[in-house]
Structure formats: C-alpha cells, structure tokens
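Below: the structure, in structure tokens.
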Amino acid sequence: MAKYRKLGRTSNQRKALLRNQVTQLLYHGKIRTTEAKAKEIRKIAEGLIALGVKEKDNFEVVKVQAKVAKKDAEGKRVKEVVDGKKVTVYETVEKEIKKDLPSRLHARRQMLKVLYPVTEVPAEGKGRKANTKKIDLAQKIFDEYAPKYAERNGGYTRIVKIAQRKGDAALEVIIELV
C-alpha cells in the first residue's frame, strides 16, 4: 500500500503543489481543491500545527539595545552635517524580543522547510512594492493557531465535499481549519 498519493505529477511538481497549498491553507484558513489533494494537504498541515502546539511556550523574553534612526514630525529621518556630509542621527532604544529556545528554533526551521514565503499586498496599494509586507507563517502558527488548538488532540482541519467539477468530474472539496 502506498504511503502517499502521487497526484499524477513528478515528485518535484507534487512537493511544490503541496507546499503551495499548505501555505495558502495556513494563510487564508481555507482553500478549495480536489479530494485527493485535500487528504494529502491535511497530513502536512496537521503535522505543522501539532509542532506549533508542542513548542508554543518554548521561548524566553530578552531585553536588547537597538539603534533606531531618529525621526522628525513628518516621519523622515533626522540628518546632521558632520565633516561636510549629511549623516543620519541614531538613538539607542531598549526593546523586548522573544528568543526561541533550541527545540522551538528547530520546530520553526522544520516549518520553514515546508512553507513558502508570503508577501501581503494591501488592496489600496496594488502595484506598489513599498506597501507590501512579509508574513511570517511560522510565527502565525505559534501565536494564533497553537493557543487556539492547545486543548485539542489532533483534527485541526475539516474537509467538506462540495460537488463534482464540470470539466473532469473530480470531486471538489473545501479544506478548512476548524
């Protein structure tokens, strides 16, 4: 008996397809796909969420000193002239950051092996690179999904059958996070 479905693709294509669909499922919360793909996506997504639940509280808060550019009322960097050159003025700020312990760091890297990077583009700034921001899906798993599913022992996704697709009569489903 096979351990996974081949989905009519070569191994590289299959891995890319599953990575993409798992990334979209975790980013959007639900996606529409075929039943066979959904069953494969479920295995991967539930494994990632289980990893996040296991390591959700495994970090320490550390205070660090950071240099930040000083800004004026308009939000522009303050510059001063030093030796005939304009130089940005920096000020030291104390920040608190979450530092992953080794096992959580390993879990994060395991997640990043599967997940593609996601860039969010706001609706009003379409076509502008300046307004985009990168989404850290591993952090989203640790911060949003892990506390939500902490009391649950597996079964983080649900597959709902819709109908057969018109072109090839493949059974379409919606896979969503519970």
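Residue numbering for the sequence shown follows full-length UniProt numbering, beginning at 1 and increasing consecutively.
Here a beta-carbon is modelled for each residue, glycine too, at the ideal position from N, C-alpha and C.
Bear in mind the structure is a predicted one, so any value in this text is a computation, not a measurement.
For residue i, tell me which candidate among the options has the shortest Cα-Cα distance.
i, options, result
"G109", "A36, V160, V87 and L51", "Looking at the sequence provided, one finds Arg at residue 109 rather than Gly. Nearest of A36, V160, V87 and L51 to R109, Cα basis: L51."
"E96", "V82, E80, E60 and V81", "E60"
"Q164", "N12, E35 and V78", "E35"
"residue 189", "V53, T33, K43 and I44", "The requested residue 189 is not part of the displayed model; the chain covers only 1 to 178."
"E172", "N20, A38 and R19", "A38"
"Y116", "N20, A107 and K98", "N20"
"V89", "V78, H106 and K99", "V78"
"S103", "S11, K133, N58 and A16", "N58"
I think residue i touches residue j, with their Cβ atoms under 8 Å apart; what is that distance to the nearest whole Å?
i, j, result
"G154", "E46", "6 Å"
"I162", "T33", "That pair is no contact at about 10 Å."
Tell me which same chain residues have a C-beta within less than 7 Å of the C-beta of residue i, skipping the five on either side of it?
i, result
"E91", "V68 and K70"
"Q65", "T92 and E94"
"residue 212", "The displayed coordinates of the chain run from 1 to 178. Any statement about residue 212 would go beyond what the structure contains."
"Y149", "I49, V53 and Y156"
Residue i to residue j, Cα distance in whole Å?
i, j, result
"R152", "D72", "49 Å"
"I159", "K3", "20 Å"
"V8", "R14", "A quick correction: the sequence has Gly, not Val, at residue 8. Rounded to the nearest angstrom, the two C-alpha atoms are 8 Å apart."
"residue 183", "I49", "Outside the shown range of the chain (1 to 178) lies residue 183, about which nothing can therefore be said."
"H28", "E124", "19 Å"
"Q139", "K63", "19 Å"
"D83", "K76", "22 Å"
"L101", "K56", "11 Å"
"V81", "I41", "57 Å"
"E144", "K129", "27 Å"
Per DSSP, residue i is paired with what?
i, result
"E172", "T34 and A163"
"D143", "Per DSSP, none; premise fails for D143."
"R77", "K71"
Ignore the nearest five residues each way along the sequence and tell me which others in residue i's own chain have a CB closer than 6 Å to its CB.
i, result
"I135", "V118 and E120"
"Q24", "I31"
"M111", "L48 and A138"
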